[in-house]
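> Numbering (UniProt numbering), first residue to last: 1 to 540. From the three backbone atoms N, C-alpha and C, an ideal C-beta is built for every residue, glycine too. Dumping the structure here so I can ask a few things about it.
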Amino acid sequence: MASRLRFSGTHRDVVDVAGSTNTLRKSSEVNGLNKDVQKLLWKNKMKFPKADAKLKSLGLLGPAKSKMKVMEDKEQEGVVDSNNSHATNGNGCMKGTGDSVDESECSPCVPEENNIVNDRPLKKAKSENVENCCSVEGDNGVSVLEEDTRNNTADTQPAAKIDDILPETDGSLKTHSREKKLIDFREKLYLAPLTTVGNLPFRRVCKVLGADVTCGEMAMCTNLLQGQASEWALLRRHSSEDLFGVQICGAYPDTLARTVELIDQQCTVDFIDINMGCPIDIVVNKGAGSCLLTKPMRMKGIIEATSGTVDKPITIKVRTGYFEGKNRIDSLIADIGTWGASAVTVHGRTRQQRYSKLADWDYIYQCARKASDDLQVLGNGDIYSYLDWNKHKSDCPELASCMIARGALIKPWIFTEIKEQRHWDITSGERLNIMKDFARFGLEHWGSDKKGVETTRHFLLEWLSYTCRYIPVGLLDVIPQRLNWRPPAYSGRDDLETLMASDSAADWIRISEMLLGKVPDGFTFAPKHKSNAYDRAENG
């Protein structure tokens with residue numbers, strides 16, 4: 001009985017003013033998919049009046065979509081030549097078949113006719129499991145029945161027809177969409193959207209330690225449009241995340257436009273980020289992620305369609321280019337703002353590089369200087385100390401801010417260091433307290449039953465596969481540590497510090513047992529994204 005009550009404090013009930021009882025989780029988290037909407041998505045009967053009206057005005061809906069296809073075909077001819085020349089160097093095309101990806105492989109994006117991303121969601125079979133997992137937020141979600149959707153569609157049709165009549169080039173007749181999209185990233189500390197480890201409990205830890213902007217893990221548009229509860233869980237937001245965005249990934253303007261309309265209806269977010277830089281094979285081979293860097297007209301269609309569908313700011317995240325030595329995003333920077341994006345984050349590596357070699361910050365500066373005044377450019381790559389942050393900001397005043405990714409995974413207190421302008425020689429006890437916060441936040445988020453404890457443990461272990469790379473400041477001969485340094489074997493100043501430096505999964509499990517109790521019999525763990533290999537992190 002004592003073990004069952006060990007985490008009872010994580011799910012105490014709270015009573016609101018009206019006297020009704022709500023759990024702590026419901027009172028502090030938002031962004032759940034309404035069940036009525038989910039059923040419509042399963043049946044493929046959801047209507048998207050705003051998105052469809054915008055797509056129609058851009059010529060991207062129905063038969064008119066072929067216009068963009070013709071332009072892309074012309075564009076693709078140059079890409080095919082690049083792919084062929086790349087293939088002669090011995091790098092073949094490897095289709096992703098799972099989560100584990102060999103970083104040494106470079107897969108040219110598949111031609112458009114082979115893409116398997118659907119323009120419309122597939123029919124989703126209703127399952128008991130999904131029904132039980134689905135989180136209902138009646139106050140946040142918009143309850144949409146089929147009849148209501150038809151009425152809403154009918155109400156918006158006249159406006160859509162008027163919009164179609166107005167020429168797109170005549171700015172004097174319409175308010176420019178960018179005028180209603182205001183968000184300021186300047187000087188703010190931005191925690192990057194991180195696959196697997198960038199979950200809600202980890203983001204809460206980073207908020208406590210000084211992060212200003214947080215963003216959810218990358219969610220696939222096709223899964224969101226199918227009403228998959230597991231994908232919608234990636235959009236959850238904690239009340240402490242005062243400037244929060246969600247990141248989505250898709251291959252086509254219609255898929256993305258409908259997704260942003262749905263998110264705008266169902267979620268409370270400050271901005272929506274579109275991933276155009278993810279290097280993972282399974283994403284690229286579907287025409288999404290960094291494959292879009294080879295299709296500027298597709299990028300234009302996506303940004304115009306999404307920014308014209310919702311009032312929320314649309315931001316994008318890109319890499320410098322697809323192939324190494326063939327940077328091309330700088331040639332599009334001047335246009336990205338006019339297409340409707342509020343901000344762009346440039347990760348200073350190509351898709352082919354993945355996470356090998358250092359980020360090219362000179363190229364990021366070049367992009368920032370080419371951008372228009374109303375497009376904010378953020379840099380991303382290898383920031384691991386407040387000195388790195390200061391250098392990038394001083395070298396390029398045109399840079400709005402910097403996004404921090406793996407540096408935050410290894411030492412989330414980097415946000416404190418930047419704000420306080422110091423190297424924090426953090427003790428092992430202080431680090432353990434941060435992990436305790438994560439465990440508590442995890443139990444609040446995933447639940448304190450047996451399944452919730454093991455889910456929290458799993459994500460804690462994923463995080464520990466990064467934190468072992470940290471070398472305490474007090475043990476360094478050269479300060480600060482660089483992100484690409486491989487720490488040598490060393491003994492810490494106490495047993496706990498030595499344990500935290502271990503790259504053995506068995507030692508990570510021992511740390512988890514300090515916080516969450518003994519692991520089940522036969523328990524084993526291997527990092528999902530090979531994060532203990534220095535150039536093999538899979539965060540897009």
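So, using beta-carbon positions, are Lys419 and Gly198 closer together than 7 Å?
It is not a contact, given that the beta carbons lie outside the stated cut-off.
> Taking only runs of the beta strand (DSSP E) that begin and end inside the stretch 412–449, which ones reach a length of at least 3 residues, in chain order?
Listed in chain order, nothing qualifies, since the stretch 412–449 has no complete beta strand (DSSP E) run of 3 or more residues.
> For Ser239, does the three-state DSSP call read helix, strand or coil?
Ser239 falls in the coil class under three-state DSSP.
> Give me the residue from Gln376, Asp373, Ile329 and Met297 with the minimum Cα distance to Asp360.
For the residues Gln376, Asp373, Ile329 and Met297, the minimum Cα distance to Asp360 belongs to Ile329.
> Give the list of continuous beta strand (DSSP E) stretches no shorter than 3 residues that lie fully inside the stretch 360–387.
Those beta strand (DSSP E) runs which fall completely within the stretch 360–387 and span 3+ residues are 376–380.
> Please state whether the Cβ-Cβ distance between His445 and Leu200 is less than 7 Å.
Contact flag set, yes.
> Could you spell out where the alpha helix (DSSP H) holding His260 opens and where it closes?
Strictly speaking, residue 260 in this sequence is Val, with His absent from that position. It spans Pro253 to Gln266 - the alpha helix (DSSP H) in which Val260 sits, taken as one unbroken run.
> Beta-carbon separation of Ile369 and Pro279 under 7 Å?
The identity of residue 369 in the sequence shown is Arg, whereas the question assumes Ile. No, these two residues do not count as a Cβ contact at 7 Å.
> Would you say Gln421 and Ala400 are within 7 Å of each other, going by their C-beta atoms?
Contact flag unset, no.
> Does the Cβ of Ser491 have 16 or more other Cβ atoms within 10 Å, making it buried, or fewer, making it exposed?
When all chains shown are included, Ser491 counts as exposed.
> When you compare only the Cα positions, how much space is there between Pro412 and Asp212?
About 13 Å.
> Within 10 angstroms of its Cβ, does Phe523 collect 16 or more other Cβ (buried), or is it exposed?
With fewer than 16 Cβ atoms within 10 Å of its Cβ, Phe523 is classed as exposed.
> What are the residues that DSSP puts in a beta bridge with Ser512?
Answer is none; Ser512 lacks a bridge partner.
> Return the bridge partner residues of Gly245 from the DSSP annotation.
For Gly245, which the question treats as bridged, DSSP gives the partners Cys215 and Phe271.
> Following the continuous beta strand (DSSP E) through Ile314, name the residue where it begins and the one where it ends.
Taken as a continuous stretch (DSSP letters only), the beta strand (DSSP E) holding Ile314 covers Ile314 to Arg319.
> Counting along the chain, where does the beta strand (DSSP E) carrying Thr306 start and finish?
Looking at the DSSP string, Thr306 is not in any beta strand (DSSP E); the run it does join, the alpha helix (DSSP H), is Pro296 to Thr309.
> Between the C-alpha atoms of Ile383 and Tyr355, what's the straight-line distance to the nearest angstrom?
Distance between the alpha carbons of Ile383 and Tyr355: 13 Å.
> To the nearest angstrom, report how far apart Ser239 and Ser290 are at their CA atoms.
When rounded, the distance between both Cα atoms is 32 Å.
> Tell me the DSSP bridge mates of Ala401?
Note on residue identity: the sequence assigns Ser, not Ala, to residue 401. Leu378, per the DSSP bridge assignment.
> Is Thr345 helix, strand or coil by DSSP?
Thr345 falls in the strand class under three-state DSSP.
> Excluding sequence positions up to five away, which residues of its chain have a Cβ less than 6 Å from the Cβ of residue 579?
Since the first residue shown for the chain is 1 and the last is 540, residue 579 is missing from the structure and cannot be characterised.
> With H, G and I counted as helix, E and B as strand and the rest as coil, what does DSSP make of Tyr190?
Correct three-state label for Tyr190: strand.
> Does DSSP classify Glu231 as helix, strand or coil?
The answer is helix: DSSP assigns Glu231 an H, G or I state.
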